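In what follows, a single structure is set out as structure tokens and then discussed.
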Amino acid sequence: MSHLRESATFDRATIHAIQRAAATGVYDIRGWGAKRPLPHFDDLLFLGASMSRYPLEGYREACGTDVVLGGRHAEYPLHLDIPVTIAGMSFGALSAQAKEALGRGASEVGTSTTTGDGGMTPEERGQSKHLVYQYLPSRYGMNPDDLRRADAIEIVLGQGAKPGGGGMLLGQKINARVAAMRTLPQGIDQRSACRHPDWTGPDDLTIKIQELREITDHEKPIYVKVGATRTYYDVKLAVHAGADVVVVDGMQGGTAATQDVFIEHVGIPTLAALPQAVRALQELGVHRQGPTGVQLIVSGGIRTGADVAKALALGADAVAIGTAALIALGDNDPRYSAEYEALGSAAGFYDDFQDGRDPAGITTQDPELAARLDPVEGGRRLANYLRVLTMEAQTIARACGKSHVTHLEPEDLVAVTIEAAAMARVPLAGTDWIPGTGR
1289 MSHLRESATF DRATIHAIQR AAATGVYDIR GWGAKRPLPH FDDLLFLGAS MSRYPLEGYR
1349 EACGTDVVLG GRHAEYPLHL DIPVTIAGMS FGALSAQAKE ALGRGASEVG TSTTTGDGGM
1409 TPEERGQSKH LVYQYLPSRY GMNPDDLRRA DAIEIVLGQG AKPGGGGMLL GQKINARVAA
1469 MRTLPQGIDQ RSACRHPDWT GPDDLTIKIQ ELREITDHEK PIYVKVGATR TYYDVKLAVH
1529 AGADVVVVDG MQGGTAATQD VFIEHVGIPT LAALPQAVRA LQELGVHRQG PTGVQLIVSG
1589 GIRTGADVAK ALALGADAVA IGTAALIALG DNDPRYSAEY EALGSAAGFY DDFQDGRDPA
1649 GITTQDPELA ARLDPVEGGR RLANYLRVLT MEAQTIARAC GKSHVTHLEP EDLVAVTIEA
1709 AAMARVPLAG TDWIPGTGR
């Protein structure tokens, strides 16, 4: 059989996708983010200190990790101990136990978590020291009392996995509690809007931000989250509209469920979006201006402390994690291998989060499955993971001679591929060439 050749255009995965579409007449939906190879933080390397730079001693010299978010207009900005936050993931997409575990883990290390679509649960609010309330086009579960009970508000205009598209929650995950919180019929598929119903542009966003400030007595920071596409312009418009914090989500960002064709073919990589966002903030004079500037949070494919450090070096003030947090809780755990195989998948590959049959009890509303996740143990695991991310970022920062992780800068980085050098706007390793800049 050695003479057989697989087509690069019609490989086995493509043939399978065509056959599935032909058999069902339904497009494929799944969770997770883009799985195609994309330029990412792995394509960047740090230039550690030796002679021309002076490193810090890890056992004797401190390296700070704290960050203040939202001091531009808010009376009470968020003071976080680490620059890693938990992204918005809804109750409905996740079990109540998972939401509680996220709150417990984030609080243990002094960072924030985010509600996601569908409202605020008592478990999440009760266990979250810093809770960001997402304000989405669906407005599911939204009420002014919860806005006031939150510590910050995030207006979601787009998500990295599906910029320009709305959310999806299949009926099998809409149990009585989820239906009541979202004012939906139980057991019926929910598809939320792709844009907010009461504005069509940045002028309307300005009005909405002012309304939210008035509802919350100007106490809460207002975030604006965009999916990475026309990032430079979107960030500038968000700042002009009055955002305290801008969140940019790259196409490696996960989702509970959307069309596979959307995940893989819409949006731009996180690595390409981040420098565009920084340039927009710099031109407006609000980047890295202390608490009264506009902070930038970047999400989409953050996995390690190296990713965190590289995002901060390129100009982010903090990062947000979603998929990695679920893995830390126990998602795709090998101990459930037999059950993943029974679902037609395998541990490490399971992405049908929309089906509500997650053996780990994280992306489900099945009471028996959800009971498998102990929120206390899940919170402990997440806290451990967040500590490791932070220590890894500190290790790199000290090696570059920095006394705070946010002191990392593009000068500390080089790229190992031409694509990454062009996107990140740092030199190709061993040269002073930044593709596309004329330098």
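In my numbering, the protein residues as written are 1289 to 1727.
Note that the Cβ used here is the ideal one computed from N, Cα and C, for glycine as well.
Note that the structure is predicted; figures quoted are calculated from it, not measured.
- Contact between tyrosine 1511 and alanine 1440 is confirmed by a C-beta separation of about 6 Å, below the 8 Å threshold.
- Taking the Cα positions, glutamine 1422 is about 35 Å away from glutamate 1629.
- Distance from the CA of arginine 1300 to the CA of glutamate 1411, rounded to the nearest whole angstrom, comes to 44 Å.
- When the Cα atoms are used, lysine 1461 and arginine 1479 turn out to be separated by approximately 13 Å.
- Here the alpha carbons of glutamate 1656 and valine 1372 stand approximately 32 Å from one another.
- Per the DSSP secondary-structure output, histidine 1367 pairs in a beta bridge with Val1356.
- Under the DSSP assignment, isoleucine 1609 falls in the beta strand (DSSP E) whose first and last residues are 1606-1609.
- At the C-beta level, alanine 1613 and isoleucine 1370 stay beyond 8 Å of one another.
- Cβ atoms of glycine 1589 and glutamine 1540 come within 8 Å of each other, at about 3 Å.
- Under the DSSP definition of a beta bridge, arginine 1318 partners with Thr1546.
- DSSP, reduced to helix, strand and coil, places lysine 1417 outside both helices and strands of the structure shown, so it counts as coil.
- Where lysine 1496 is concerned, the enclosing alpha helix (DSSP H) starts and stops at 1490-1503.
- Within a 10 Å sphere around the beta-carbon of leucine 1292 sit fewer than 16 other beta-carbons, which makes this residue exposed.
- The C-beta distance from alanine 1362 to histidine 1506 rounds to 7 Å, short enough to fall under 8 Å.
- Closest by C-alpha distance to glutamine 1447, out of Asn1431, Phe1550, Ser1295 and Leu1419, is Phe1550.
- Taking a contact to require three or more Cβ pairs closer than 8 Å, the stretch 1390-1405 and the stretch 1635-1644 do not qualify as touching.
- One thing to note: isoleucine 1585 has its Cβ no nearer than 8 Å to the Cβ of alanine 1561.
- Secondary structure note for isoleucine 1706: its alpha helix (DSSP H) is the uninterrupted segment 1706-1712.
- Annotated three-state conformation of glutamine 1474 is coil, per DSSP.
- The continuous alpha helix (DSSP H) containing threonine 1302 extends over residues 1300-1312.
- For threonine 1401, the uninterrupted beta strand (DSSP E) run begins and ends at 1400-1402, by DSSP.
- Under DSSP, isoleucine 1443 forms a beta bridge with Tyr1423 and Val1512.
- Within 10 angstroms of the beta-carbon of tyrosine 1428 lie 16 or more other beta-carbons, which makes it buried.
- Counted as a single uninterrupted DSSP element, the beta strand (DSSP E) harbouring aspartate 1537 occupies residues 1533-1537.
- Boundaries of the alpha helix (DSSP H) harbouring glutamine 1570: 1558-1571, taken from the DSSP string.
- Going by beta carbons, proline 1563 and leucine 1602 fall inside the 8 Å limit.
- Using a Cβ distance threshold of 8 Å, glycine 1358 and valine 1607 do not count as a contacting pair.
- If you ignore the 5 residues before and after isoleucine 1443, its C-beta comes within less than 6 Å of the C-beta of Tyr1423 and Val1512, all in its own chain and listed in chain order.
- The three-state secondary structure of valine 1586, taken from DSSP, is strand.
- Taking glutamine 1474 as the centre and dropping the five residues before and after it, the same chain places the C-beta of Ile1462, Asn1463, Ala1464 and Ala1467 closer than 7 Å to its C-beta, in chain order.
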